[in-house]
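Report on the structure given below.
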Amino acid sequence: MYIVPSLLVITTISGSTLGFNRPPSNTNLLQEAYTIYGPNFNLTRSMTAGSGEPVQSYWYASYLSGDNGHEYFSIACIFKAAKPGSINSLVSLLDIETGEYYGQNHLVPGVISNKTYDIDSGILRQYASTADLVSVQHAESSDPYATFNLTFEPRGPNLYHGGSG
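Throughout the sequence shown, residue numbering follows mature numbering (1 follows the signal peptide of the UniProt record, and there is no 0), covering -19 to -1, 1 to 146 in sequence.
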């Protein structure tokens, strides 16, 4: 019987954490897209598409750093409700530091237009501030327990559904 000693190698890595420093390419959503539809998929037309009763669901999931030193995970979602003539908005906020969670669903009268992207439920407003409807988007929550004003200006090529198309 032979015993083979194991070799344990310990390396020291400078810095306190490991991570991937991969800044996005200097393009925007409309310049390049990695999808099954190719780079010329029209996002603006996709935002306003639909006839009859399209699903109409718009949401943002965000990782945020607060002024208080806490990290947060937020969700802002507006979608057409099952009740005719109504929209549903969902606002949720998780304090990653303390584990405190708040989530509220608001059902209000309203319709979602497919002519533009500006939806306001009274508690949550989601809209585009550019004519193409996708280059700069906003989510503003006035919920007293989850108030935020977020601006999304995506950089880099589109990567739909985690790259699965």
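Beta carbons are placed, not taken as given, at the ideal position from N, Cα and C, and that holds for glycine.
Predicted, not measured: the structure shown is a model, and the values here were computed from it.
Quiz item: Of all the options Lys64, Ser70, Val117 and Thr111, which has the alpha carbon lying nearest to the alpha carbon of Ile56?
Solution: Ser70
Quiz item: In whole angstroms, what is the alpha-carbon distance linking Ile(-10) and Tyr82?
Solution: Annotation note: pLDDT 38 at Ile(-10) (below 50); position unreliable, no value reported.
Self-check item: Supposed contact pair Ser73 and Gly84 - C-beta distance, whole angstroms, cut 8 Å
Solution: 4 Å
Practice problem: Answer yes or no: do Ala112 and Tyr98 have a C-beta to C-beta separation smaller than 8 Å? | Solution: no
Practice problem: Please determine, among Val117, Asp76, Ser102 and Leu114, the residue with the shortest C-alpha to C-alpha distance to Phe60. | Solution: Ser102
Quiz item: Three-state secondary structure (DSSP) at Ala62?
Solution: coil
Quiz prompt | Burial state of Tyr44, where buried means 16 or more other Cβ atoms lie within 10 Å | solution = exposed
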